[in-house]
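J.:
Number of protein chains: 2
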Amino acid sequence: MFATLKFAALLLAVVVCWATQDYDYNDAEIDEEPTLGDSPYGSLWPLPQKVKISTVVFKLSGASFHIFDAKESSSGASCRLLQNAYRRYDEYIFTSSRKQGQNKSKKAMASDMSELQVWITSADSECDSYPSVTSDESYKLSVDSPVAVLKAPKVWGALRGLETFSQLVYKDEYGAKSINRTDIHDFPRFAHRGLLLDTSRHFLPIKVILANLETMAWNKFNVFHWHIVDDPSFPYLSRTFPQLSQHGAYHPYTHVYTPSDVKMIIEFARLRGIRVVPEFDTPGHTQSWGKGQKDLLTPCYSGASPSGSFGPVNPMLNTTYDFMSMFFKEVNTVFPDAYVHLGGDEVDFSCWKSNPDIQKFMEQQGFGMDYSKLESFYIQRLLDIVTTTNKGYMIWQEVFDNGIKLKSDTVVHVWMGNKVEEELQKVTEAGFTTILSAPWYLDYISYGQDWQKFYRAEPLSFKGTDAQKKLVIGGEACLWGEYVDATNLTPRLWPRASAVGERLWSDRDVRDLNDAYSRLAKHRCRMVQRGIPAEPLFTGYCAHEYKGV
Amino acid sequence: MFATLKFAALLLAVVVCWATQDYDYNDAEIDEEPTLGDSPYGSLWPLPQKVKISTVVFKLSGASFHIFDAKESSSGASCRLLQNAYRRYDEYIFTSSRKQGQNKSKKAMASDMSELQVWITSADSECDSYPSVTSDESYKLSVDSPVAVLKAPKVWGALRGLETFSQLVYKDEYGAKSINRTDIHDFPRFAHRGLLLDTSRHFLPIKVILANLETMAWNKFNVFHWHIVDDPSFPYLSRTFPQLSQHGAYHPYTHVYTPSDVKMIIEFARLRGIRVVPEFDTPGHTQSWGKGQKDLLTPCYSGASPSGSFGPVNPMLNTTYDFMSMFFKEVNTVFPDAYVHLGGDEVDFSCWKSNPDIQKFMEQQGFGMDYSKLESFYIQRLLDIVTTTNKGYMIWQEVFDNGIKLKSDTVVHVWMGNKVEEELQKVTEAGFTTILSAPWYLDYISYGQDWQKFYRAEPLSFKGTDAQKKLVIGGEACLWGEYVDATNLTPRLWPRASAVGERLWSDRDVRDLNDAYSRLAKHRCRMVQRGIPAEPLFTGYCAHEYKGV
C-alpha cells in the first residue's frame, strides 16, 4: 500500500508545476464564465502575498503528523487560542481519515511531513488579547520534510498561517494526504476585512452566527460588524435596559441575544482572530428601541395632534442623552473592541418636521428649517458621550458628509453607490480613516456569477496621495437582512463574500479571473466539505457534496 | 388547564372572522412589500376553490385525535398510500406535542375534534395506481365536531385534502391545537402543476430530491419534471447502456442515480400524488452522452479534419436510431408515467455545418442548406421510435415551431420569454395540449420579492376560444441547475415556487397580493417548521426558526 502512495508522489512531482508570484496575471475582463483551468496555486484562497510551490511532494500520515508549538516559541501549551486552533486544523486536514486506535507513535517515513511547528517569534504572543486594527497578522510558512515551520510574530499570524497550511494539503489520486514543498510569506493588504450581518430584520440563531465566524476565518476576514438592532427588532438583551428587547425583540426570549450569548460570540470570534464591532445605529433605524423605552423616539404629528407613530430618536430631550450615556456605558463593558459603530445613516426628517415641539426647538437653536442641523446636534452630543467611554467609533458616511466634528481616529464607512471615488477622496483628504462597502452589498443578488463583480472592485482606484490611500484601512461585505435568515444566509454569503476576502487580503495585482475561478471553485468545495453550504459558482461538482437539505 | 383552553377557544371564536370565497379580491399591482394583514383564510396555501370558515373553534387533543378510514370508504387499511399519509399528517399536525405514553383511549371533550374520517367515494380508489394527467384530485372537507370528514373520489383528492386539513390546524394563544368549523370544496384549476429540477448541471443527492418532492406535495404540485441528463453530466445509470453514466456522470458511483434510486424516487412521489416525467433531451444538450457512447454525437470539423469536439446527436447514422430505440425502450420500463419529455430545444447547427459527411447527407436528402430540416428529420424518427413504446411525449416549443408532425396527445412546453401569448395561441390553435413555463424560470433571481411576479402571471390571458384555453393543461416552475446544488437549491425554490403552485391550483380570481402575502408568510413558516429551509419573503420572523445552518 505505502509503495503505491510513494509512486503516486513521484507521479505528482512531475505534474505539479513550479509557480511563483510572478505567474502571469491576466487582467482580462470576463463576463462569461471563466475556465476551470488548474491554478498553479491549487486551492489557496485568499492568495498569499508571496508563494513558491515546488514540485516535491510529501505525505502526511494521519498516524504520525501533528501540529506542535516550536520549542523556541513564546507561546506554549497554556495558549488556549493556539491549542484550540491546532485541534481545529487537525480535524480539517484529516477529516475522517484519522482512524481511532491508530498507533500515534508510528515512525514517519522519509518522505513524510511529520509535523508542523508553530513558532510565535515576538515576546508577547497576544494569546490572551483581543485582536485590533493594528494586530500583526503576518506569518511565514516553510513546508519542508520532515518538518514544516510556521513563524509569526503574534498568534494572529499563526491563525492565518494554519488556515493556509490546511489549504496546501490535498489528496493525491490514491487518496493520500499530500503537500508540496512550499515557501510562503504572507500578510494582509488591508487591516480591516469585515463582514456585516444584520440580526434585526431577521433574527439569526447563535449557531448560524458561529458557523459564519468560522467560515470568515477560512477566508481570512477579521471583523464581524454586528448590525445587531434596527427598526424591525431589538434582539440585544441589555442588562441596563432589559425592556428594550422585552418589547422590541421579535420574541422576548427565543429571539434575543443574552449577555452570555454575546460573550460566547465574542470569544468564539477572538479565538479566530476576529474582532466583533457592534453597531447601535441612531438616531434613525430605531423603531424597535421605542417599544421598550418611553419618550426615546419623536412622536410624529398628523396636523395638530400626535399620529400615534414615531420617528427618529428625540433629539431635544435631556432624557435621551441620559439614556444614551447609560446605554453606551454598558456597550463599552460588554464589547471589548476599541470601536463601536454608531450608524447615523438615512435619517428621515418628515416626523421631526411634523412635530410642533421640535419646530419650537429648531427655532430656539437657530437651526431655521435645516433639519440636518438638528441631526448634527444629536450626533455631536452622542459622539461626545461615546468618547467619554474611551471607545473609538465608526460611522456611516452621512455623518461625515454632514460636517459633524469627528475624533481623529474615526472610521468613516463609505456605503453609497454613487460617487464612491469622490467620497473616498474627500474623506481621506479630511484625514480620516475609512472603510469601503459600496461595491460589496451582498444582499443584492442577480443571475450568474456576481462574485466577479465583487472581485474586480478596487478600493484604491480613487485619485489621492499615498498618504490618503493609507487611510483606506479596508472594507466590509454587507449582507443586510431583509431577505435572509437561517434558511438561506449561509449559501448566499459564501463563496460570494470570499471574493471580497481575497480583494482585501491579497496583493492588488491578484486579479486574474480564470486563476481566481479555479482556486475559488476548489475553496468552495472545501467549505462544503467542512460542513458549510457554500453555493456553487457554476456547473460542476464537489467530490463531497453538501450533506444537508 | 383544560378550562383555560376552552376559554381560549371562546375568545378565539370572537376574533376569527367568517369568510367565504366572496371575500373582496383586490387586483391592485403592488411593487412594494404587501402588508402582513391577517388573511381571513389563515395559512391556507394554495387557496382552495371554495372555503367557508366559521368562527366556531374546536380543539384537537394529541391524546385522542386520529385520522381514520371512514367505514363507507372504498379504501381501507390495506391502502399503504393512505396509511402512510395519515402518519405523515399526524406528525405534521402534532409535531412534538403528542407525548409518548399518553393515554390514546382518553375520551374526547364535547368541544373536541376527535377524528378525521377519510372517505374514498368511488369504487376504485386508485390506491395502487400511478397518478396521471386525468387523475381526479378533487375533495370535500367538512370540519365539524366531533368528526371531520374528508370525501374524495380517489386517493389523490384525499392527499390534497389531508394537506388542507393540516393547514387549517393552528395553535391558539395557549398553544392548544385548534381548528375552526370549516367547509371546503376543492379541485385544481390545472391538471398539470409541475416543477423542473435539473440533475445534470449539478448532481442532486437523493435526499434533496425527496425533500423537495415532499415540499411539492405541501404546495399541491403533482408533476416532477426530472431533467435528468444534459451536456455537463449523465447521472442516469442505464441498465442497457451502463457506460453512459460510467463515463458521462461527474463520478461513476457517487454521482449517479441507480435503478433502485430511481424506483425509490418514483414511489416516494406516487405516495404523494406526484408524477415523475423524465426528460431525455436530444439531439442537442447531449455532450455527456457522447462520453460513453461512441459515434452517437456528430464529430465537428475544423477545416478538413475533425476538431476533436462533438456536436448534437448524429442524425445520419442508423446506429443512432438503433441506440435510441433500445434506450427509450428501457426508459419506458423504468418510468411508469404515460409521458416522457423528449426535449428538442436549442439545437446548435454549427457543428453539423462543419461536418462534410453531414453536408453530403443534407444533399442526398434534398435539405439544401436548411439544417432545421435535418433537425426535424432526426426528431421525426425519434418520435416514431418513442411512439412504438406506447409513451406519450412532451417536447419543448421549438419542435412544434419547426413544424414537426406530432401525435395528437403531444404536450408542447412553452418556455421562451418572447411572444408567449402568441405561442400559446398558435399551439392551441393547432389543437395541441400545452404547458407554460416561460414566466416561471426560478433560476433567474433578483433583489426583492420576485414571488409576486411569478404569482401575477396568468396562463390564460392569451386570445383564444374556450376550446383553445382548455388545451392549456397547466405549467411548470423550472429551476435550472447552473447555479444551484444541494447547498442552496431548497431555499431558492421555496417559497418562490409556492407562488406558481397557487396560480396553478386556485381560482383565476385569486390574485390579491396582500392576502397572498399574509398566507404565504405563514405557509413558509410552516414549511420551515416541517424542516425545509424555505427562505423569508421579507423582514419578520417565524416562531420556530430553521434549525440547520
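First to last, the sequence lines map onto chains S and A.
Under the working numbering, the first residue of the first sequence is numbered 1, with each subsequent residue one higher.
Under the working numbering, the first residue of the second sequence is numbered 1001, with each subsequent residue one higher.
C-beta atoms are modelled at their ideal positions from N, C-alpha and C, and glycine is treated no differently.
Relative to the C-alpha of Val1056 of chain A, which residue among A:Ser1073, A:Tyr1086, A:Tyr1089, A:Pro1146 is closest?
T.: For this step, residue 1056 of chain A is matched to residue 56 along the second sequence. Comparing Cα-Cα distances from Val1056 of chain A to each of A:Ser1073, A:Tyr1086, A:Tyr1089, A:Pro1146, the minimum goes to A:Pro1146.
J.: Helix, strand or coil for Thr95 of chain S? Go by DSSP, reduced to three states.
T.: Within the first sequence, residue 95 of chain S is the residue found at index 95, counting from 1. In this structure, Thr95 of chain S counts as coil in the three-state DSSP scheme.
J.: Could you work out which residue in A:Gly1273, A:Gln1365, A:Val1386, A:Leu1082 is closest to His1192 of chain A when comparing CA atoms only?
T.: Taking the first residue of the second sequence as position 1, residue 1192 of chain A is located at position 192. Ranking A:Gly1273, A:Gln1365, A:Val1386, A:Leu1082 by Cα distance to His1192 of chain A puts A:Gly1273 first.
J.: Would you identify the three-state DSSP class for Gln1117 of chain A, choosing helix, strand or coil?
T.: Position 117 of the second sequence, counting from 1, holds the residue named residue 1117 of chain A. It is a strand residue.
J.: Are any of the Cβ atoms in chain A nearer than 8 Å to that of His202 of chain S?
T.: Residue mapping note: residue 202 of chain S aligns to position 202 of the first sequence, counting from 1. Cβ-Cβ to chain A under 8 Å: yes for His202 of chain S.
J.: Nearest CA to the CA of Met1394 of chain A: which residue from A:Asp1261, A:Ala1338, A:Met1369?
T.: Counting from one through the second sequence, the residue named residue 1394 of chain A turns up at place 394. Ranking A:Asp1261, A:Ala1338, A:Met1369 by Cα distance to Met1394 of chain A puts A:Ala1338 first.
J.: In the DSSP assignment, find the unbroken beta strand (DSSP E) run with Thr55 of chain S in it and report its ends.
T.: Against the first sequence, residue 55 of chain S aligns to sequence position 55. First-last of the beta strand (DSSP E) with Thr55 of chain S: 50-59.
J.: So what's Tyr1130 of chain A in DSSP terms, helix, strand or just coil?
T.: As a position in the second sequence, residue 1130 of chain A is number 130, starting the count at 1. DSSP places Tyr1130 of chain A in coil when its eight states are reduced to three.
J.: Would a check of beta-carbon distances place Phe1538 of chain A closer than 8 Å to chain S?
T.: Locating residue 1538 of chain A in the second sequence gives position 538, where the first residue counts as 1. Closer than 8 Å to some Cβ of chain S, the Cβ of Phe1538 of chain A qualifies, so yes.
J.: Using a C-beta to C-beta distance shorter than 7 Å, which residues of chain A count as neighbours of Glu482 of chain S?
T.: Counting from one through the first sequence, the residue named residue 482 of chain S turns up at place 482. Correct list: Phe1538, Thr1539.
J.: Return the CA-CA distance between Gly303 of chain S and Cys351 of chain S, expressed in angstroms with no decimal places.
T.: Here the question's residue 303 of chain S lines up with position 303 in the first sequence. Here the question's residue 351 of chain S lines up with position 351 in the first sequence. About 11 Å.
J.: Leu237 of chain S to Phe203 of chain S, Cα distance in whole Å?
T.: The sequence position of residue 237 of chain S within the first sequence is 237, counting from 1. The sequence position of residue 203 of chain S within the first sequence is 203, counting from 1. Their backbone Cα atoms lie some 13 Å apart in a straight line.
J.: So, with DSSP's three-state summary, where would you put Cys478 of chain S?
T.: For the purposes of this step, residue 478 of chain S is taken as residue 478 along the first sequence, with counting starting at 1. Note: Cys478 of chain S maps to strand in three-state DSSP.
J.: Could you list the residues in the segment 1240-1271 of chain A with a C-beta less than 8 Å from some C-beta on chain S, going in chain order?
T.: Tyr1250, His1251, Thr1254, His1255
J.: Comparing the C-beta of Glu1535 of chain A with each C-beta of chain S, is any distance below 8 Å?
T.: Taking the first residue of the second sequence as position 1, residue 1535 of chain A is located at position 535. By this cut-off, Glu1535 of chain A is an interface position.
J.: In or out: Ala521 of chain S buried (at least 16 other Cβ within 10 Å) or exposed?
T.: Stepping through the first sequence from its first residue, residue 521 of chain S is reached at position 521. It is buried - the Cβ of Ala521 of chain S has at least 16 other Cβ atoms within 10 Å.
J.: At 4 residues or longer, and completely inside the segment 316-343 of chain S: list those alpha helix (DSSP H) runs for me, N to C.
T.: 318-334
J.: The alpha helix (DSSP H) with Ser350 of chain S in it runs from where to where?
T.: Translated into positions along the first sequence, residue 350 of chain S becomes position 350. 350-354 is the extent of the alpha helix (DSSP H) around Ser350 of chain S.
J.: Anyone know if the C-beta pair for Lys1220 of chain A and Trp1505 of chain A falls short of 8 Å?
T.: Along the second sequence, one-based indexing puts residue 1220 of chain A at 220. Along the second sequence, one-based indexing puts residue 1505 of chain A at 505. Contact flag set, yes.
J.: Hey, how far is the Cα of Gly292 of chain S from the Cα of Thr1539 of chain A?
T.: Translated into the one-based positions of the first sequence, residue 292 of chain S becomes position 292. Translated into the one-based positions of the second sequence, residue 1539 of chain A becomes position 539. Straight-line Cα distance between these residues: approximately 20 Å.
J.: Between the segment 1281-1298 of chain A and the segment 1204-1224 of chain A, can you find at least three pairs of beta-carbon atoms closer than 8 Å?
T.: no
J.: In chain order, what residues of the same chain lie with their CB nearer than 8 Å to the CB of Lys1463 of chain A, ignoring the 5 residues before and after it?
T.: Translated into the one-based positions of the second sequence, residue 1463 of chain A becomes position 463. Result list for Lys1463 of chain A: Glu1421, Gln1425, in chain order.
J.: Would you mind telling me which residues of chain A sit closer than 9 Å to Ala486 of chain S, beta carbon to beta carbon, in chain order?
T.: In the first sequence, the residue the question calls residue 486 of chain S occupies position 486. Those within 9 Å of Ala486 of chain S in chain A are Val1528, Pro1533, Glu1545, Tyr1546, Lys1547, Gly1548, Val1549.
J.: Interface residues of chain S around Lys1207 of chain A at Cβ under 7 Å?
T.: As a first step, residue 1207 of chain A is located in the second sequence; it is residue number 207 there, counting from the start. Within chain S, the residues near Lys1207 of chain A are Val549.
J.: Going by DSSP in three states, Lys426 of chain S sits in which element: helix, strand or coil?
T.: The residue given as residue 426 of chain S occupies position 426 in the first sequence. Of the three classes helix, strand and coil, the one that applies to Lys426 of chain S here is helix, per DSSP.
J.: With 8 Å set as the bound, which would you pick, yes or no: does the beta-carbon of Thr1095 of chain A sit closer than that to a beta-carbon of chain S?
T.: Reading the second sequence from its first residue, position 95 is the one you call residue 1095 of chain A. By this cut-off, Thr1095 of chain A is not an interface position.
J.: Under 9 Å between beta-carbons, which chain S residues line up against Tyr1174 of chain A? List them in chain order, please.
T.: Taking the first residue of the second sequence as position 1, residue 1174 of chain A is located at position 174. What Tyr1174 of chain A touches in chain S: nothing, since even the nearest Cβ is about 16 Å away.
J.: In its own chain, which residues sit with a C-beta less than 7 Å from the C-beta of Leu1317 of chain A, not counting the 5 before and 5 after it?
T.: Taking the second sequence and counting its residues from 1, one reaches residue 1317 of chain A at position 317. Closer than 7 Å at the Cβ level, and outside the excluded window around Leu1317 of chain A, lie Asp1295.
J.: Pick helix, strand or coil for Asp345 of chain S, following the three-state DSSP scheme.
T.: Mapped onto the first sequence, residue 345 of chain S falls at position 345. If DSSP states are grouped into helix, strand and coil, Asp345 of chain S belongs with coil.
J.: Does DSSP put Lys360 of chain S in a helix, a strand or coil?
T.: Translated into the one-based positions of the first sequence, residue 360 of chain S becomes position 360. Three-state DSSP puts Lys360 of chain S in a helix.
J.: Going by C-alpha to C-alpha distance, which of S:Leu36, S:Ser408, S:Gln452 sits closest to Leu471 of chain S?
T.: By 1-based counting over the first sequence, the position of residue 471 of chain S is 471. The candidate whose alpha carbon is nearest that of Leu471 of chain S is S:Ser408.
J.: Output yes if chain S places a C-beta closer than 8 Å to the C-beta of Pro1491 of chain A; else output no.
T.: Taking the first residue of the second sequence as position 1, residue 1491 of chain A is located at position 491. Yes, because at least one Cβ of chain S sits closer than 8 Å to the Cβ of Pro1491 of chain A.
J.: Report back the beta-carbon spacing between Ser325 of chain S and Val229 of chain S to the nearest angstrom; my notes put them in contact at under 8 Å.
T.: Indexing the first sequence from 1 puts residue 325 of chain S at position 325. Indexing the first sequence from 1 puts residue 229 of chain S at position 229. Not confirmed; about 18 Å, so no contact.
J.: On the DSSP letters alone, give me the boundaries of the beta strand (DSSP E) that Ala152 of chain S sits inside.
T.: Taking the first sequence and counting its residues from 1, the one referred to as residue 152 of chain S is at position 152. Its beta strand (DSSP E) spans residues 147-152.
J.: Note down, in chain order, each residue of its chain lying with its Cβ closer than 6 Å to the Cβ of Arg1496 of chain A, except the 5 sequence neighbours on either side.
T.: What you label residue 1496 of chain A is simply residue 496 of the second sequence in a count that begins at 1. The answer, listed in chain order, is Leu1442, Trp1451.
J.: Determine, using beta carbons only, whether Tyr1092 of chain A comes closer than 8 Å to chain S.
T.: Taking the second sequence and counting its residues from 1, the one referred to as residue 1092 of chain A is at position 92. So no, Tyr1092 of chain A is outside the interface.
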